[in-house]
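**Student:** Next up is a structure, given as structure tokens.
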Amino acid sequence: MIETLSEPPLDIIVAEDEAITRYRLIASLETMGHTVRAFSDGLKAWEAFQKQPARIIISDWEMPGLTGPEFCQRVRGAEQRDYTYFILVTALKTGEVDYEIASDAGTDDFLMKPLTTDSLWRRLRVAKRILNFNKEIGQLKELIPICAYCRQVREDDDYWSTIEHYIQEHTRSKFSHGICPQCYAKVMRDFEHEKAEAAEAREHACAH
Amino acid sequence: MFPTLLPQLDSTPASDEGVLGAAEMRQLHREFPGRGLRVVIQMFEEEGQTMLEQIASAAWRGDAEALRRAAHAMRGAVANFGARRLEALCQEIEAGARGGDLSRVAGQLEQVREQYDRVELALKKECLN
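So the sequence lines, in the order shown, correspond to chains A and B. Everything in the first sequence is counted per the numbering used here, starting at 19 for the first residue and increasing by one. Everything in the second sequence is counted per the numbering used here, starting at 36 for the first residue and increasing by one.
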């Protein structure tokens, strides 16, 4: 049994020209607690997205106005701060070439007809997870308070930590430490300079 | 509306295999309990008739692309009910039209109409259950 959401509802655009599938999508998504804007035409759905972007789009492939991949391509071209997760509804006998076209257009996931509430719910769980990661990365990119001198980052509790620690804590990313060519050249220059200074000091000491 | 159809149900062919899918119908009953399914079926009756007309009209005009689109739309609609035989017929028309071959379309159209009627009757029967 599908549970309704304990999280805030999502604004979802549904683009599907076939009435029954559209009706089923609307009913299922609304039962899950989401807000749905539904269209039977790809172009109208795109216009609605331009007026007010949605975080999730569920679109059929073949529709009047714009096809699903064309719609997706436009969404990708217009994307601003928030990512839009695009799910394409496909027929049972969709070929490999078609999947490639859809992936190239920027489709994130596929939902096969006939739809089931369970498969829809599973796709949305993945979508929400990806959107949350995207949001976190966006916050990391935009709002990290960093010391201009030592590059330490201020945490929520006013504690200053290294940037590696901060990113690891917030994204679970791991760092492997290496050296870039510029730093390598600088380090080697410093090293050679120190070596020359030490040799000079040794010569100086011997002379006395 | 539905009770008047009861006598016709007796004329349904003995083999209902492939007319409706059991799993798909169970899913629909879950999604639309009680009278909810009637709304879906009424929707299909309206949409299905239009789709049939579009298939026939495209076939009559010899418009392969319009025929492909109409058969594809019908296939998507009946997939909701697991109507495999009708889906397969639409798939055949779609494949033929994609390759520009409309030579068999008259016979296929007849089969689509016949199968469509069976699906429609079976759906009405579902409503009465």
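Cβ atoms here follow ideal geometry from the backbone N, Cα and C, with glycine treated the same way.
Report the residue ranges of all beta strand (DSSP E) runs contained in full by the segment 72 to 148 of chain A; include only those spanning at least 3 residues, in chain order.
**Tutor:** Segments of the beta strand (DSSP E) lying fully in the segment 72 to 148 of chain A: 74 to 78, 103 to 108 and 127 to 130.
**Student:** Checking contacts by CB at 9 Å: is residue 131 of chain B closer than that to chain A?
**Tutor:** So, not an interface residue.
**Student:** Select from A:79, A:84 and A:55 the residue whose C-alpha is nearest the C-alpha of residue 72 of chain A.
**Tutor:** Minimum Cα distance to residue 72 of chain A is reached at A:55.
**Student:** Sort out for me which residues DSSP pairs residue 104 of chain B with in a bridge.
**Tutor:** DSSP output for residue 104 of chain B lists no bridge partner at all.
**Student:** Could you check how far apart the C-beta atoms of residue 161 of chain B and residue 80 of chain B are, in whole angstroms? I think they sit under 8 Å.
**Tutor:** Not a contact, Cβ separation roughly 13 Å.
**Student:** Any residues in the segment 99 to 111 of chain B with a beta carbon nearer than 7 Å to a beta carbon of chain A? Which ones, in chain order?
**Tutor:** Correct list: 104, 107, 108, 110 and 111.
**Student:** Would you say residue 70 of chain B reaches chain A, if we count a Cβ-Cβ gap shorter than 9 Å as a contact?
**Tutor:** Taking Cβ atoms only, chain A never reaches closer than 9 Å to residue 70 of chain B, which makes this a no.
**Student:** Could you confirm whether any beta carbon from chain A is found closer than 9 Å to the beta carbon of residue 74 of chain B?
**Tutor:** With 9 Å as the cut-off, residue 74 of chain B counts as an interface residue toward chain A.
**Student:** Where does residue 166 of chain A fall in DSSP's three states?
**Tutor:** Correct three-state label for residue 166 of chain A: coil.
**Student:** Within the same chain, show all residues whose beta-carbon is closer than 8 Å to that of residue 107 of chain B, passing over the 5 residues directly before and after it, in chain order.
**Tutor:** The answer, listed in chain order, is 125 and 129.
**Student:** Within 10 angstroms of its Cβ, does residue 192 of chain A collect 16 or more other Cβ (buried), or is it exposed?
**Tutor:** Exposed: under 16 other Cβ atoms inside 10 Å.
**Student:** Could you list which residues in chain B have their beta carbon closer than 8 Å to that of residue 125 of chain A, in chain order?
**Tutor:** Those within 8 Å of residue 125 of chain A in chain B number zero; the least Cβ separation is about 18 Å.
**Student:** Which same chain residues end up closer than 7 Å to residue 38 of chain B when comparing Cβ atoms and leaving out the 5 residues on each side of it in sequence?
**Tutor:** With a pLDDT of only 38 at residue 38 of chain B, under 50, the local geometry of the prediction cannot be trusted, and no value is derived from it.
**Student:** What residue ranges within the segment 33 to 69 of chain A form continuous alpha helix (DSSP H) runs of no fewer than 4 residues, ordered along the chain?
**Tutor:** Whole alpha helix (DSSP H) segments, 4+ residues: 37 to 49 and 60 to 69.
**Student:** Quick one: Cα of residue 35 of chain B to Cα of residue 186 of chain A, how far?
**Tutor:** Here chain B covers residues 36 to 164 and nothing more, so residue 35 of chain B does not appear.
**Student:** In the structure shown, what three-state DSSP assignment does residue 194 of chain A receive?
**Tutor:** In this structure, residue 194 of chain A counts as coil in the three-state DSSP scheme.
**Student:** So that I know if they touch, is there some Cβ in chain B lying closer than 9 Å to that of residue 36 of chain A?
**Tutor:** Yes, its Cβ sits closer than 9 Å to a Cβ of chain B.
**Student:** Which one or two residues does DSSP pair with residue 179 of chain A in a beta bridge?
**Tutor:** Per DSSP, A:171.
**Student:** Start and end of the alpha helix (DSSP H) containing residue 137 of chain B?
**Tutor:** Run containing residue 137 of chain B: none; DSSP gives neither H nor E here.
**Student:** Throw me the rounded Cβ distance for the residue 120 of chain B and residue 54 of chain B pair, which I believe falls under 8 Å.
**Tutor:** Contact flag correct, Cβ pair sits at about 6 Å.
**Student:** Quick check on the burial criterion: 16 or more other C-beta atoms within 10 angstroms. Buried or exposed for residue 138 of chain B?
**Tutor:** By the neighbour-count rule (16 or more Cβ atoms within 10 Å), residue 138 of chain B is not buried but exposed.
**Student:** State the Cα-Cα distance for the pair residue 143 of chain B and residue 83 of chain B, rounded to the nearest angstrom.
**Tutor:** For residue 143 of chain B and residue 83 of chain B, the distance between alpha carbons rounds to 16 Å.
**Student:** Residue 93 of chain B versus chain A: which residues are under 7 Å apart at the beta carbon?
**Tutor:** By Cβ distance, chain A contributes nothing, its closest Cβ being about 14 Å from residue 93 of chain B, past 7 Å.
**Student:** What residues in its chain sit with their C-beta under 7 Å from that of residue 105 of chain B, if we drop five residues either side in the sequence?
**Tutor:** Only 86, 89, 90 and 93 meet the Cβ criterion.
**Student:** How is residue 39 of chain B classed by DSSP in three states: helix, strand or coil?
**Tutor:** Low confidence applies here, because residue 39 of chain B scores a pLDDT of 38, under 50, leaving its location unreliable; read the following figure in that light. Here residue 39 of chain B sits in helix by DSSP.
**Student:** Quick one: using the 10 Å Cβ neighbour count with 16 as the cut-off for buried, is residue 90 of chain A buried or exposed?
**Tutor:** Classification for residue 90 of chain A: buried.
**Student:** Name the chain B residues that come within less than 7 Å of residue 1 of chain A, Cβ to Cβ?
**Tutor:** With chain A covering only 19 through 226, there is no way to say anything about residue 1 of chain A.
**Student:** Could you give the DSSP three-state label for residue 29 of chain A: helix, strand or coil?
**Tutor:** Reduced to three states, the DSSP call for residue 29 of chain A is strand.
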